[in-house]
Structure formats: C-alpha cells, structure tokens
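Enquirer: Chains as they are written, first to last, in numbering that gives the first Met the number 0: chain V, 0 to 231; chain F, 0 to 231; chain H, 0 to 231.
For glycine and all other residues, C-beta sits at the position ideal for the given N, C-alpha and C.
As the structure is a prediction and not an experimental result, all values here were calculated from the model.
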Amino acid sequence: MSDLETRLAELEHRVGELEDIQAIRRLHWAYGYYIDFNRPDEVADLFAEKGSVVFLSGEYVGKEGVKRLYGDWIQQRFTGGRPGPVHGLLLDHFQMQDIITVAPDRQSAKGRFHGILLGGWHDDFQETKEEMMPQQFMEAGIYENDYVREDGVWKIQRLNYMMQWQADYESGWAHTTAHLQPAAKTYPEDPIGPDVLLPESEHRETWPYRQDVPMHFAHPKFGAILAGREKG
Amino acid sequence: MSDLETRLAELEHRVGELEDIQAIRRLHWAYGYYIDFNRPDEVADLFAEKGSVVFLSGEYVGKEGVKRLYGDWIQQRFTGGRPGPVHGLLLDHFQMQDIITVAPDRQSAKGRFHGILLGGWHDDFQETKEEMMPQQFMEAGIYENDYVREDGVWKIQRLNYMMQWQADYESGWAHTTAHLQPAAKTYPEDPIGPDVLLPESEHRETWPYRQDVPMHFAHPKFGAILAGREKG
Amino acid sequence: MSDLETRLAELEHRVGELEDIQAIRRLHWAYGYYIDFNRPDEVADLFAEKGSVVFLSGEYVGKEGVKRLYGDWIQQRFTGGRPGPVHGLLLDHFQMQDIITVAPDRQSAKGRFHGILLGGWHDDFQETKEEMMPQQFMEAGIYENDYVREDGVWKIQRLNYMMQWQADYESGWAHTTAHLQPAAKTYPEDPIGPDVLLPESEHRETWPYRQDVPMHFAHPKFGAILAGREKG
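#1: Checking contacts by CB at 8 Å: is ASP91/V closer than that to chain F?
#2: Does the pairing of the stretch 55-70 of chain V with the stretch 135-142 of chain V give three or more beta-carbon distances under 8 Å?
#3: With a threshold of 8 Å between beta carbons, is GLY119/V in contact with chain F?
#4: Could you check which residue in LEU89/H, ARG111/H and PRO82/H has the C-alpha nearest to that of MET239/H?
#5: Determine, for GLU229/V, whether the minimum Cβ-Cβ distance to residues of chain F falls below 8 Å.
#6: Among the residues of its own chain, which have a CB less than 7 Å from the CB of ALA43/H, if the five just before and after it don't count?
#7: Just the Cα atoms here: how many angstroms apart are PRO103/F and ASN37/F?
#8: LEU196/V and ALA177/V look like a contact to me (Cβ under 8 Å); what is the Cβ gap, rounded to whole Å?
#9: Under a three-way DSSP split, which group does ILE73/V fall into?
#10: Counting C-beta neighbours from all protein chains within 10 Å, is the total for SER56/F 16 or more, i.e. buried, or is it exposed?
#11: If PHE93/F and GLY114/F are in contact, beta carbons under 8 Å, what's the gap, nearest whole angstrom?
#12: In chain V, which residues lie less than 7 Å from VAL14/F when you measure between Cβ atoms?
#13: Which residues, taken in chain order from the stretch 65-92 of chain V, show a beta carbon closer than 8 Å to some beta carbon of chain F?
#14: Based on Cα-Cα distance, which residue from GLU18/V, ASP35/V and GLY118/V lies nearest to ILE99/F?
#15: How many angstroms separate the CA atom of GLN156/H from the CA atom of GLY15/V?
#16: Is LEU10/F close to chain H, meaning its C-beta is less than 8 Å from at least one C-beta of that chain?
#17: Are three or more beta carbon pairs between the stretch 2-10 of chain F and the stretch 188-205 of chain V nearer than 8 Å?
#18: Note the first and the last residue of the continuous beta strand (DSSP E) segment covering TYR59/F.
#19: Under 8 Å: do the stretch 27-41 of chain F and the stretch 159-173 of chain F share three or more Cβ pairs, one atom per stretch?
#20: Apply the 10 Å Cβ neighbour rule to GLN106/F and answer buried if 16 or more other Cβ atoms are within range, or exposed otherwise.
#21: Could you tell me the boundaries of the alpha helix (DSSP H) in which ARG24/H lies?
#22: Using a Cβ-Cβ cut-off of less than 8 Å, list which residues of the stretch 190-211 of chain V approach chain H; keep chain order.
#23: Express the C-alpha separation of MET162/H and TRP120/F in angstroms, rounding to a whole number.
#24: Starting from the beta carbon of TRP237/H, find every residue of chain F whose beta carbon is closer than 8 Å, and list them in chain order.
#25: Would you mind working out which of LYS154/H, HIS202/H, PRO207/H and LEU158/H sits nearest TRP164/H, comparing C-alpha positions?
#26: Can you list the residues of chain V that GLY31/H reaches, using a CB-CB cut of under 8 Å?
#27: Are TYR142/F and ILE23/F closer than 8 Å when you measure CB to CB?
#28: What is the DSSP secondary structure of HIS86/V, counted as helix, strand or coil?
#29: Can you name the residues of chain H whose CB is closer than 7 Å to the CB of ALA139/V?
#30: Applying the criterion that 16 or more other CB atoms from any shown protein chain within 10 Å of the CB defines a buried residue, is SER51/H buried or exposed?
#31: What are the residues that DSSP puts in a beta bridge with THR100/V?
#32: Do we get a CB-CB distance below 8 Å when we pair TRP28/H with the residues of chain F?
#33: Roughly how many whole angstroms lie between the Cα atoms of ASN144/H and LEU158/H?
#34: Helix, strand or coil: which one does DSSP assign to HIS174/F?
#35: Report all residues from its chain with a CB closer than 6 Å to the CB of MET132/F; omit the five preceding and five following residues, and keep chain order.
#36: Do VAL85/V and TYR160/V come within 8 Å of each other at the CB atom, strictly closer than that value?
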C-alpha cells in the first residue's frame, strides 16, 4: 500500500468518527423532540432491537419495554394515549451538552447529555389530570447512554436517564421532594413497571438525595481523547 | 480517474458536508447572540438577499422585513431603538438541540432548533415599559429553518420560529395565556406588521393552543440519514 | 508534490480543524459537568499550565488560582470542601450555544458559550448555609474563552466568564440585585480573592448593570468563517 493510500485510509477513519459523533448527537436530539410530543412509536424506532431504557432505578427492556414506558405510562398519563402536541399540555425536554466517545472499531459509543424538563398543564386543559403530577413542574437530569451500530445505523443500546432533581414551579427546588420515586415493582405486577429493577448498588433515591454520576469520558483511556489529539 | 482519486473526491464531499453542518450551527448560535442584544443590523446580515422570517403567523420578507421585525418592533419596544445590551433589560435567548440536514448538492439545508427565552426589565429600568409585555416572562419555541449557500456563504433563507408557549414568571405556564397573539394586519397598515400573513392552513394560535411542528428529519428520505450511515 | 498529495494535505488540515472544534466543545462541556459537582482538581486539569479564569472582574492565575476559585471559594462555600454531588445541594450549570474559531495554525482558538446556573439548597440540607447566597437562585452568563494546544492537547488558556444576571427564585430577575458583586481585594489580602483585578476598562458591575460582551467571531477576519466557506 502506497504512502498516499495509507494517509487516505487513516483520514477516512477520522472522518468516519466525526460522522459517527454527528449521527449520535442527532439521534439524541431527535429523541428529545419525540418525547416532547409523546410519540412512543417514533422513540422506539431510535432504539436497537435489544435496546433498553433506565428510568427511576428500573430498566425497561426491548422495544416492548420502551413502548411501555413512553406509551403506556407517560403518553397515557399526559395525553390519554394520543400522540402530541395536545392543547394546554406541556412536556418540553431541552437537551444539551453532548459528550460522545466512539470506540476505536466504530461499532459502539458512549454519550453524556444534560437535560431540563418543563412540564404541566394549563388551566384550560380539560383532560388527564394525574394526581401524582403537580400542575407545573421542572426537572433536570443527566444521561449516560450506550450506542451501537446496527445494520449500519446508529441506535440507542441503553438510555440511562438519571434524574437529578424535581421542583414544583411554585415552591422551587429548595422546598420540593421529587414527586417521582424509584420503581418498587416490576411488570406485569405493575402494568407500567420496568422489566427489572437495578441492582441495589445502582438504586437511586430521588431529590433531595443525590448520587454521583460517573463520567465515561473521565476514564483514563478516554481522558486522552477528552481534550483533543495532535494529528498533524 | 484512479481509484485513489475517486476515494479522495468522495472524502472531500463528506468533509464538506461536516463543514456545512458546523457553519449552519454557528450561524444559528450567532443569530441567538445577536437577538439577545437587540442588534437588527447584524441579524439581517445573517439572512440571504431574499430571506424571510416567520413570527406569529406572519412572514417578514427580505432584509427590510427582517429589520422591521427585529428593529422597528422588537428593538424599539425593548430598548427604544438602541443596540444592546441595555441596563436592567433582559432578553436572553438560549439556543440548543440542532438537527441540520444538508441537501446532496450542498447548496441548501434544513435546520431544527430548540430555544428558551427569559425576558423582562428590572425595577431599576426607567425606560420603555411596553404595556403589552409582562415585566418578567419566559417563552420557548422551535425553529424549522431553511438555509441557502449564497456567493459561497451559508445564509438563512427562511427562519420559521414557532412559539410553543409563554409564561409570566409569577404565575407560570399553567396560568398564563400567551401575551403575543397571531398577526392580524400586514405592513404598512400595521407599521410593524409582516409583509404577508401565512395561509389559513399554517395559521398558529398561541399558548395554550398547540399545533404539530413537523420534523424535516423524519421525512422518509432524511430518515436514513437520521441515525448515521455506514461508511467503511 | 503531486496534485493528489496536495489535495490530501489540504483535506487533512480541514479534518484537523473539525477535530479541534469537536475537542474544544468537549472540553467546555466537561468543565460544566465538573463544576456542577464541585470538583476543583478535575477542573484545574482542563487548564493550561499558565491558564487563568476571570470571575467577577478578578483574574485567578495558574493552577493555584483556578483551585483557589473553584476549591477554596466555591466548593468550600457549597459543600464544605467535599467533592460532590452532595445531598440536597444544587449547582447545575447548563452549557450550550458554542461558537469556536480555530486559528489558521491550529495552535490556539477562541470559544463563546451561553450558560444557565440553577443553584441553592433543599430544606433538608443541614450544612453550609452561606449568608451571602440565597436559598434558591438562577444565574446566566456568557463565556468568551481562549484555548491553546499544549503538548498536543487542547487546554483552557483563559476562561472569561461574564455573568449577565442573577435572580432569587422567589422574586425573579425583575426584582433581584445580583448577590455577587465585583471583586474588590486581591489574594492574599482576601484569602479567596483573585490574583489581579481587571483594569478599570474591563471592570464589570453586575445585574441590573449590563455591559457589551464583544463577540470574537464578529471580527472582520472571522466574519468570513462565520457562515461557512465554499470548498468544492
């Protein structure tokens, strides 16, 4: 192989990695836009065949698990099962601060994101008024997700959402205990429950309790990647 | 053409597309920074010659239309016509969650963004206190914009801002009816009005009313691009 | 040098620039995640040997200065010196809207970012309750930072944080005077003070006072880069 061909092959790999990062950012932002509007089918399409999502210390497994969480639970609670947006109903998820690390073979990746949720319903809203949910609330969380390239397309392998706090709008984070507590029962005993509960070591009490959220990119191996590499 | 040259030409195209995405993100973030500070001239420079902006179901056309909206209306209302920032005056637009899709010929593109606005004036602020505007308010919206490469530089072809909700700070989104309502009259009958009203089918009532915000990237053609492509 | 080699070398430079931008975004997002959790050592690792940080019109110089600000002052105030997260304590910095411009020789760069801070402590929190800090507050700021490639790795040369406003949660930005005022004394007279005060011309009164925040990317030279370049 000529010197030119070697350089070209290396450059193709570097460009491929930049495209991977771009594709995964796009995947997560799309996830955000779909959950704003309560679209469980579109959300499920973003997951790998054996993908899963972690929410409130429970793991929802496979496309069925994903749809149970975003459909049977969240969409049902907020919109009575209709895909949104719905008059007077707010569930805005703002997504930002992406740190994505692609494995050397470009077949898997990790991603961390920061999210803010503003939700609730307007006085004019005449439908589902779930007792468990305050009329207007804020929430923030961190994602530490796994991705996989499946049939040539990047998909979510495991979406691990770690809620950091919840706050009723009126009283704020200083005076609110999170209205969502860790899952206690699994499906089907709880018809909207997760397939499995996380092991005790990964169980997370909610606000005002806090836990560390380990950063995949602070790993010694990824540390060097963190701040760039000299590449000529 | 040799095999190496073919591979190089393909790679040049892929790198060009990554640069396009980067340039368009930058263009939208710059737009955000300029409107924070009420700089209608700088905002207008980001638009194509025949660019336009959609706001409250009305379309402001050309550089004159853009300046009418960001200058004669918004800057005039907030700062009395002075470029900001201005003491005691807040109009912070936080921009995030970019999904940008470049056309195969790299001459046009589409972009979706999420934005939050925190605005109002401090008690110390002694100037324009527009009756129509609450003293402190929040707003969020989604953009679905069109871009064009003009004389080799990416410009905004059509900025389509779709306000999702407004909330007085004191009462929140649950108890606020949007203080901004859809445009009813055009320029010059309304000296700060749009050049044209959107057709009835695109007319958008404001919060607590909601409408769908179609996602350009969910288009079947762009769907494959959404989650990345295998490229070796 | 053959035509192919010339094209390849040019493309290597363009890809390197895209990688630089990606590395610097990642560097700033990591900074955000570390300050959320009060990790002054990890923060200091992101800075160049002679790096510095500007906060409240004072400049903290070198790794010692960086640790004095994020450790002796902020971590001490919020968590009593423990690395976080800490039960009942909130200090979420949401980072977004990156505009990064790499110098032609790819050895230095500039970056602008937008940040929101939500902070305070829960009623259950039994520790440091600093009198100077309201129990729940919001803040926003703009960064105009300098970066340098040091030993092949991108580092922060000068982090220039310009707070734009602060607001007690209860009363909002309309009725709050910033609880943080410009630095008045330097270290060691003030044991948590900066090494130097900015010159009078760069001194910044805090909210409701406002100052311009010049945009590095609006510089005539960088203007052409702003909206992309035609590259074939």
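Expert: Straight from the coordinates:
#1: yes
#2: no
#3: yes
#4: Any property of residue 239/H remains undetermined from this structure, which presents chain H solely from 0 to 231.
#5: Its pLDDT being 37, under 50, GLU229/V is placed unreliably in this model, and the value from its coordinates should be taken loosely. For GLU229/V, the answer is no, since every Cβ of chain F falls outside 8 Å of its Cβ.
#6: LYS62, VAL65 and LYS66
#7: 35 Å
#8: Wrong, their Cβ atoms sit about 18 Å apart, outside the cutoff.
#9: helix
#10: buried
#11: Yes, they are in contact, since the Cβ atoms of PHE93/F and GLY114/F sit about 6 Å apart, within 8 Å.
#12: VAL14
#13: GLY83, PRO84, VAL85, HIS86, GLY87, LEU88, LEU89 and ASP91
#14: GLU18/V
#15: Their backbone Cα atoms lie some 30 Å apart in a straight line.
#16: yes
#17: no
#18: 57-60
#19: no
#20: exposed
#21: 2-35
#22: TRP206, PRO207, TYR208, ARG209, GLN210 and ASP211
#23: 17 Å
#24: Residue coverage of chain H in this structure runs from 0 to 231, which leaves residue 237/H outside it and unanswerable.
#25: Checking every option, the nearest Cα to that of TRP164/H belongs to PRO207/H.
#26: GLN96 and HIS113
#27: no
#28: coil
#29: One finds ASP91 in chain H with Cβ atoms closer than 7 Å to the Cβ of ALA139/V, taken in chain order.
#30: buried
#31: LYS109/V
#32: It does not; no Cβ of chain F falls within 8 Å.
#33: Each residue's CA atom was taken as its position, placing ASN144/H and LEU158/H some 5 Å apart.
#34: Three-state result, HIS174/F: coil.
#35: none
#36: Between TYR160/V and VAL85/V, the C-beta spacing is not below 8 Å.
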